[in-house]
Amino acid sequence: MFIDQIKTTALLAGLTFLLLIFGFSIGGTTGLTIALLLTATMNIVSYWYSDKLVLKMHKAKPANHEMFEDLHDIVKNISIRASIKKPKIFIINSQSPNAFATGRNDKNAVIAVTIGLLEKLSHRELKGVIAHEIAHIKNKDLLISTVSVILASAIAYIAVMARWTAIFGNSREDGGNLLEIITLSIVAPISASILRLAISRSREYVADETGAKLIKDPEALADALVKLETSPKLERGNRAAASLFIINPFSGGRFISLLSTHPETSARVKRLRKMAFTL
68 MFIDQIKTTA LLAGLTFLLL IFGFSIGGTT GLTIALLLTA TMNIVSYWYS
118 DKLVLKMHKA KPANHEMFED LHDIVKNISI RASIKKPKIF IINSQSPNAF
168 ATGRNDKNAV IAVTIGLLEK LSHRELKGVI AHEIAHIKNK DLLISTVSVI
218 LASAIAYIAV MARWTAIFGN SREDGGNLLE IITLSIVAPI SASILRLAIS
268 RSREYVADET GAKLIKDPEA LADALVKLET SPKLERGNRA AASLFIINPF
318 SGGRFISLLS THPETSARVK RLRKMAFTL
């Protein structure tokens with residue numbers, strides 16, 4: 068887990084460095100200032116409203132305590148083990164089994180699960196999934212994910228502005244030439260996306276390990292992941308939110324590893340099975 072934490076820190080630093088270099092390259096000190104102001108604004112908006120938008124996007128509803136008593140008990144017990152406040156619980160009316168965590172911080176966190184997840188998994192497997200989501204909250208992954216998405220989005224937005232500026236011939240005092248700006252505006256967003264996805268994959272591994280340790284049962288999550296991998300996927304939805312889920316909720320061809328939102332499920336299962344011998 069320590070190696071994955073170091074990797075995440077390095078990737079976030081790389082993403083931040085890319086944003087600053089890109090802003091400076093296309094606009095000098097002015098471009099750098101714009102990049103910083105844009106990132107700060109997006110951070111503030113996302114910090115306060117991203118969880119509400121995600122829940123609304125998936126039409127999630129609060130989980131009635133009487134109807135979902137077992138789920139509430141699982142979340143409560145694992146939250147106590149993780150030493151965090153019990154997250155709010157929301158239900159998504161979908162037969163595709165999946166779950167995600169969202170929220171500003173561990174005091175305002177939300178765990179959302181689909182009806183399909185509750186119907187498909189055993190009690191033990193459900194504990195494994197909930198432990199994984201609570202691990203994301205405990206490890207501050209909600210903030211890390213938000214920051215990485217914002218940095219990548221800021222780079223993409225600046226790239227669009229840079230291309231239009233280059234096309235219409237606006238000049239600046241301390242920037243590069245037209246070809247340099249256009250090249251950077253293409254390469255930088257692609258590089259940012261690759262770094263953001265790498266951060267997402269590294270955090271999944273850490274959450275797997277932390278969650279398994281919380282319930283002292285790596286096999287529970289491993290078995291759940293195997294079931295989720297072979298279950299029906301979401302027919303529609305916003306693919307921008309795919310990285311939030313415990314497993315990619317959308318079907319489609321396999322992408323190269325650099326462009327995937329999650330590590331290979333088989334690799335995650337292998338790690339968890341190996342952990343079972345050490346706990």
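Read in order, the letters of the sequence shown are residues 68 to 346 in the numbering used here.
Glycine included, C-beta positions come from ideal geometry on N, C-alpha and C.
Just so we're clear, the structure is a prediction, and the values are computed from it rather than from any experiment.
Selected residue, minimal CA-CA separation from Lys337, among Ala291, Ile222, Leu311, Asn315: Ala291
Checklist entry - Which partner residues of Pro164 appear in the DSSP bridge assignment? => result For Pro164, which the question treats as bridged, DSSP gives no partner whatsoever.
Rounded distance between the beta-carbons of Ile141 and Ile197, thought under 8 Å
5 Å
Measuring only the C-alpha atoms, how far is Glu136 from Pro129? 13 Å
Simplified DSSP assignment, three categories, for Glu240: Summary for Glu240: the model assigns pLDDT 46, below 50, so the residue's position carries little reliability; its value from the coordinates is reported in the next sentence. Residue state, collapsed to three classes: coil.
Using DSSP with H/G/I as helix, E/B as strand and the rest coil, what is Ala221? helix
Under a three-way DSSP split, which group does Gly320 fall into?
-> Bear in mind that the predicted position of Gly320 carries a pLDDT of just 49, short of 50, making it too unreliable to give a figure here.
Margin query: Only counting the same chain, and skipping five residues up and downstream in sequence, which positions put a Cβ closer than 7 Å to that of Ala127?
Written below: Phe157, Ile158, Ile159, Ala179
Practice task
Can you check the region 80–124 for any beta strand (DSSP E) of at least 3 residues that lies completely inside it and give the ranges in chain order?
Solution key: none
C-alpha gap between Asp241 and Ala226, whole angstroms: Low confidence applies to Asp241: its pLDDT is 45, below 50, so where it sits in the model is not reliable enough to give any reading.
Note the first and the last residue of the continuous alpha helix (DSSP H) segment covering Ala287.
285–296
**Request:** Tell me whether Asn172 is buried or exposed, calling it buried when 16 or more other Cβ atoms sit within 10 Å of its Cβ.
**Result:** exposed
Going residue by residue through the region 153–199, where are the continuous alpha helix (DSSP H) segments of at least 4 residues, counting only ones entirely within it?
182–187
Q.
With H, G and I counted as helix, E and B as strand and the rest as coil, what does DSSP make of Pro330?
A. coil
Task: Thr328 and Asn315 closer than 7 Å at C-beta - done: yes
Can you grab the Cα-Cα spacing for the pair Ile334 / Gly94, in whole Å? Before going further, note that residue 334 is Ala rather than Ile in the sequence given. The alpha-carbon atoms of Ala334 and Gly94 are separated by roughly 43 Å.
(request) Out of Lys300, Val273, His132, Ala259, point me to the one whose CA is closest to Thr181's CA. (result) Lys300
task: Measure the Cβ-Cβ separation of Leu218 and Leu311 and say whether it is below 7 Å.
output: no
task = Round the Cβ separation of Val177 and Asp118 to the nearest angstrom and send it over; I've been treating them as touching at under 8 Å.
result = 6 Å
Worksheet item: Are the beta-carbon atoms belonging to Gly278 and His190 less than 7 Å from one another?
Response: no
In or out: Ala107 buried (at least 16 other Cβ within 10 Å) or exposed?
exposed
For Glu133, report the span of its alpha helix (DSSP H) as first-last.
No alpha helix (DSSP H) holds Glu133; DSSP gives it neither H nor E.
Locate the alpha helix (DSSP H) running through Ala274, then write down its first and last residues.
245–282
Residue environment, Leu346, which counts as buried when at least 16 other CB atoms sit within 10 Å
exposed
Neighbourhood of His125 by C-beta distance below 6 Å, restricted to the same chain and skipping five residues each side:
Ile159
Could you check what DSSP says for Leu301 in three-state terms: helix, strand or coil?
strand
Next item on the list: Name the one or two DSSP bridge partners that Phe312 has.
Entry: Phe167
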